[in-house]
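Chemist: Got a structure for you, questions after.
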Amino acid sequence: KKQKEQNAFSNSLQKGDEVVTTSGIIGQINKIEDDAITVQIDPKTFIRVVPSAVSKEMTDQYRAKTKA
56 KKQKEQNAFS NSLQKGDEVV TTSGIIGQIN KIEDDAITVQ IDPKTFIRVV PSAVSKEMTD
116 QYRAKTKA
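Here the working numbering is used: the first residue of the sequence shown is 56, the next is one more, and so on.
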């Protein structure tokens, strides 16, 4: 069940979304490719991660904290 939720979450990601990776890195999606997502973590710093490295659970927790 969690895997299905994670897959649906990964497929719903869009440019500009703020996300958290499984390693705890927070950033904003800059580019989405078939095999990688480019995440901007600082004005001049970008990292490429596989889509499965973006954590639904951690992103949801982060978004809940920043909206409160």
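Just so you know, even glycine gets a beta-carbon here, dropped at the ideal spot from N, CA and C.
#1: With distances taken from CA atoms, which of K86, Q69, S78 and L68 is nearest M113?
#2: For A91, I'd like the list of residues in its chain whose CB is within less than 7 Å of its CB, leaving aside the five on either flank, ordered along the chain.
#3: Should T100 be labelled buried (16 or more other beta-carbon atoms within 10 Å of its own) or exposed?
#4: Leaving out the 5 sequence neighbours to the left and right, which residues in its chain are closer than 6 Å to A108 when beta-carbon positions are compared?
#5: Report yes if the C-beta distance between E60 and Y117 is below 9 Å; otherwise report no.
Modeler: Here's the rundown:
#1: Distance from the Cα of M113 is smallest, within the candidate group K86, Q69, S78 and L68, for S78.
#2: Excluding positions up to five away in sequence, the list reads R103, V104 and V105.
#3: With fewer than 16 other Cβ atoms within 10 Å, it is exposed.
#4: So the list reads T76 and T77, once near-sequence residues are dropped.
#5: Not in contact: E60 and Y117 (Cβ atoms no closer than 9 Å).
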